[in-house]
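Data first, discussion second: the structure below is written as structure tokens.
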Amino acid sequence: MAAVGRSGGCTASLAAGASAADLVDQLLATPVVRCDDVPWSLFGLSMAGWNALFSLDISAVALLSFILGDRVARRT
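Under the numbering used here, the first residue of the sequence shown carries the number 22, and numbering increases by one thereafter.
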């Protein structure tokens, strides 16, 4: 995943056998990842943009196959 440019702020290593207070301290010390910063983009689109494009494409293919499949079924 390092090739994608994954930031280290999204993961944390937890020590085995740590107390609840130690875990809380680790969580509070973890840097907050900002939602308005794009971690990476490809051709000017973020991962959310690519997700929207692929979802629209898949929806269009599903709708088209439903319409065309219905027409073929009516002919037979």
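Where is the CB? At the ideal position from N, CA and C, for every residue including glycine.
Just to check my reading of the structure: residue i and residue j have Cβ atoms closer than 8 Å, yes? What is that Cβ distance to the nearest angstrom?
i: VAL54; j: SER67; result: Actually they do not touch by this definition, with Cβ atoms about 14 Å apart.
i: LEU84; j: TRP71; result: Rounded, the Cβ-Cβ distance is 20 Å, inconsistent with contact.
The ligand FAD and residue i: does any heavy atom of the ligand fall closer than 7 Å to the residue's C-beta?
i: ALA39; result: As presented, the structure is devoid of all ligands, the ligand FAD included, so that no description of it is given.
According to DSSP, is residue i part of a helix, a strand, or is it coil?
i: SER40; result: coil
How many angstroms separate the CA atom of residue i from the CA atom of residue j?
i: LEU47; j: ALA39; result: The sequence shown places Gln at residue 47, not Leu. Approximately 10 Å, taken between the alpha carbons.
i: ASP78; j: GLY65; result: 19 Å
i: ALA37; j: ASP43; result: 11 Å
i: ASP91; j: ALA81; result: 15 Å
i: PHE87; j: LEU74; result: 20 Å
Compare the C-alpha of residue i against each of the options and name the closest.
i: ASP164; options: ARG95, LEU49, ALA69; result: This structure leaves residue 164 out entirely; the chain is present only between 22 and 97.
Under 6 Å Cβ to Cβ from residue i, same chain only, skipping five residues before and after it: list those, please.
i: ALA50; result: none
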